[in-house]
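Quick notes on the structure that follows.
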Ligand code: UDP
């Protein structure tokens with residue numbers, strides 16, 4: 003086992019799959035550098051402690067009722083997070099205080115807290131307890147940089163967007179287009195503003211921001227983050243390049259898709275997943291199904307419970323659809339995504355462009371078809387299609403013909419060839435950053451040394 007350095011780091015992820023994965027990957031990175039790890043977590047979406055025997059897990063109450071926990075939490079993530087942000091504050095403070103009191107009896111020193119930028123109370127708690135706090139951004143730096151201006155964009159009169167202006171850039175927030183804005187700002191309007199303001203203000207008081215990103219992807223945004231938030235910035239890379247997300251999966255992964263992929267031709271399969279939060283209608287489900295079937299390409303499709311509003315899984319499909327799907331496709335409730343993307347048979351990814359999925363796709367060199375649901379996914383997808391040009395944007399058209407066209411273009415068309423070439427270049431650049439001496443690798447060293455010096 004790696005030499006221990008006598009210091010312990012406390013981690014506190016937001017209870018969402020896309021936040022738990024990077025936090026546990028960061029835990030592994032820091033552990034491999036000699037730090038001991040304690041992970042405080044809510045009861046809701048508790049990570050599986052048995053998958054991480056080297057870490058200490060402490061559960062705190064989150065005040066959610068059984069009904070709230072059992073109903074589909076993805077139906078309103080913002081309201082769920084708002085509730086947990088209120089309910090978890092005092093249990094978290096008590097838990098952290100106890101740990102700090104106990105450390106005098108231990109041989110280790112607690113050096114800092116690292117938590118998600120979506121926690122609103124942790125900065126104040128860490129200040130009261132005199133513990134340095136680092137913010138983990140599970141978003142691209144460009145997105146966190148936009149937090150201070152998002153409320154202003156609402157008052158700018160951009161919305162509603164007319165058809166003639168839809169494709170115009172949002173000057174304050176490139177490469178976002180005006181048609182993307184309503185799904186970033188959301189329908190709740192001003193309810194978002196206090197959340198954004200608190201995040202900006204508490205991040206500015208923190209000891210630094212850790213981005214799962216790298217200079218090769220967004221050097222300018224990382225510099226800007228340092229200017230906006232006026233704290234040290236660490237771009238420690240796509241974390242899954244060091245440690246797989248598999249062990250932190252909240253759902254059971256259906257491994258049967260791997261032998262299924264083994265029987266497919268090289269780069270012939272399109273992998274389809276909209277992540278852990280996005281949900282769609284039954285009619286969207288049917289359009290995607292027919293788009294995939296008509297494309298005549300083999301596919302692996304994640305239909306997780308809760309993906310379709312009002313349905314558990316694929317029960318809305320008629321027998322005819324199921325038969326057609328089975329001819330060419332494989333449906334799973336949850337996939338070992340990183341393994342699927344790394345499989346030689348996979349040649350494309352129809353994705354919602356969550357930041358984890360986008361990074362995982364880049365690192366495996368898999369070009370994308372972008373179908374973002376909202377929030378930072380709108381920005382990530384613009385980078386994929388318009389800046390890096392490593393994917394095709396569906397522009398929200400969940401229509402069978404559009405999906406069929408995009409799949410064929412990406413997988414067999416000449417346009418797809420160019421996209422694949424650019425993706426290979428980007429994959430190599432990002433791959434270099436995590437290698438010994440690369441920018442992300444060096445940033446991890448700087449972060450570890452910085453924590454040690456606190
Ligand atoms: N994921 C997975 N299996 C699936 C779908 C997703 O393991 O079938 C993982 C994926 O590898 C990624 C995470 O779940 O690490 C999703 O995070 P992302 O930021 O892409 O999207 P979110 O779920 O937060 O919208």
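Numbering (my numbering), first residue to last: 3 to 456.
Virtual Cβ for every residue (Gly too), placed ideally from N, Cα, C.
Cβ atoms of residue 116 and residue 138: under 7 Å apart, would you say?
-> Note that the C-beta distance between residue 138 and residue 116 is below 7 Å.
Shortest alpha-carbon distance to residue 445 belongs to which of 169, 31, 347, 387?
-> When C-alpha distances from residue 445 are compared across 169, 31, 347, 387, the shortest belongs to 31.
Between the region 320-327 and the region 237-257, are three or more C-beta pairs nearer than 8 Å?
-> Too few Cβ pairs lie closer than 8 Å, so no.
Any heavy atom of the ligand UDP within a distance shorter than 6 Å of the CB on residue 337?
-> It does: the Cβ of residue 337 is within 6 Å (strictly closer) of some heavy atom of the ligand UDP.
According to the neighbour-count rule (16 or more other Cβ atoms, all chains shown, within 10 Å of its Cβ), is residue 222 buried or exposed?
-> With fewer than 16 Cβ atoms within 10 Å of its Cβ, residue 222 is classed as exposed.
Is the beta carbon of residue 450 within less than 6 Å of some heavy atom of the ligand UDP?
-> Residue side-chain check: residue 450 keeps its Cβ at 6 Å or more from all non-hydrogen atoms of the ligand UDP.
Residue 372 and residue 433 look like a contact to me (Cβ under 8 Å); what is the Cβ gap, rounded to whole Å?
-> In fact, because the Cβ distance is near 22 Å, the residues do not count as touching under 8 Å.
Alpha carbon to alpha carbon, how far is residue 54 from residue 33? Give it in angstroms, no decimals.
-> Computed Cα separation, rounded: 11 Å.
Taking the alpha-carbon positions, what's the residue 398 to residue 96 distance?
-> Going by the C-alpha atoms only, they are around 45 Å apart.
Skipping 5 residues on each side, what residues in its chain have a beta carbon closer than 8 Å to that of residue 401?
-> Cβ neighbours of residue 401 within its own chain (closer than 8 Å, five residues either side excluded): 289, 293.
Quick one: measure Cβ to Cβ for residue 155 and residue 175, integer angstroms, because I've assumed they're closer than 8 Å.
-> Contact flag correct, Cβ pair sits at about 7 Å.
Compute the distance between the beta-carbons of residue 369 and residue 425, then report whether it is under 7 Å.
-> Between residue 369 and residue 425, the C-beta spacing is below 7 Å.
Can you round the beta-carbon distance between residue 50 and residue 64 to whole angstroms, since I take them to be within the 8 Å contact cut?
-> That pair is no contact at about 17 Å.
Can you list, in chain order, the residues of its chain whose CB lies under 7 Å from that of residue 48, leaving out five sequence neighbours each side?
-> Result list for residue 48: 61, in chain order.
Taking 8 Å as the threshold, find out whether the region 229-241 comes into contact with the region 161-171 through three or more Cβ pairs.
-> Two segments are said to touch when three or more pairs of C-beta atoms, one from each, lie closer than 8 Å; by this definition the region 229-241 does not touch the region 161-171.
Using only the heavy atoms of the ligand UDP, determine whether one of them is closer than 6 Å to the beta carbon of residue 186.
-> Relative to the ligand UDP, the beta carbon of residue 186 is positioned no closer than 6 Å to any heavy atom.
Could you tell me if residue 261 is buried or exposed, where buried requires 16 or more neighbouring beta carbons within 10 angstroms of its beta carbon?
-> Result: exposed.
Mind the definition here: the region 371-388 touches the region 302-310 only if three or more C-beta pairs lie below 8 Å; say whether that holds.
-> Short answer: they don't touch.
For the putative contact between residue 28 and residue 143, defined by C-beta atoms under 8 Å, what is the C-beta separation to the nearest angstrom?
-> Rounded, the Cβ-Cβ distance is 16 Å, inconsistent with contact.
Secondary structure of residue 119, DSSP reduced to three states | Residue 119 falls in the coil class under three-state DSSP.
Give a single yes or no on whether residue 382 has its beta carbon closer than 6 Å to a heavy atom of the ligand UDP.
-> Checking every heavy atom of the ligand UDP against the Cβ of residue 382, none is found closer than 6 Å.
Shortest alpha-carbon distance to residue 355 belongs to which of 423, 419, 280?
-> For the residues 423, 419, 280, the minimum Cα distance to residue 355 belongs to 280.
Would the C-beta of residue 20 count as close to the ligand UDP, meaning under 6 Å from any of its heavy atoms?
-> Indeed, a heavy atom of the ligand UDP lies less than 6 Å from the Cβ.
May I ask you to report which of helix, strand or coil DSSP gives residue 399?
-> Under the three-state reduction of DSSP, residue 399 is assigned to coil, being neither helix nor strand.
Between 374, 91, 5, 70, which lies nearest to residue 43 when the distance is taken from Cα to Cα?
-> Measuring from the Cα of residue 43, the nearest candidate turns out to be 91.
Helix, strand or coil: which one does DSSP assign to residue 457?
-> Given a span of 3 to 456 for the chain in the structure shown, any question on residue 457 remains unanswerable.
Entirely within the region 268-352 and at least 3 residues each: give me those beta strand (DSSP E) ranges in chain order.
-> DSSP runs (the beta strand (DSSP E)) wholly in the region 268-352: 271-275, 301-304, 331-334.
For residue 354, which three-state DSSP category applies?
-> Coil, per DSSP.
Indicate the three-state DSSP secondary structure (helix, strand or coil) for residue 386 in the structure shown.
-> Note: residue 386 maps to helix in three-state DSSP.
Stretch pair the region 312-321 + the region 337-356: three plus CB contacts closer than 8 Å = With a cut-off of 8 Å, the region 337-356 and the region 312-321 do not count as touching, because too few Cβ pairs lie within range.
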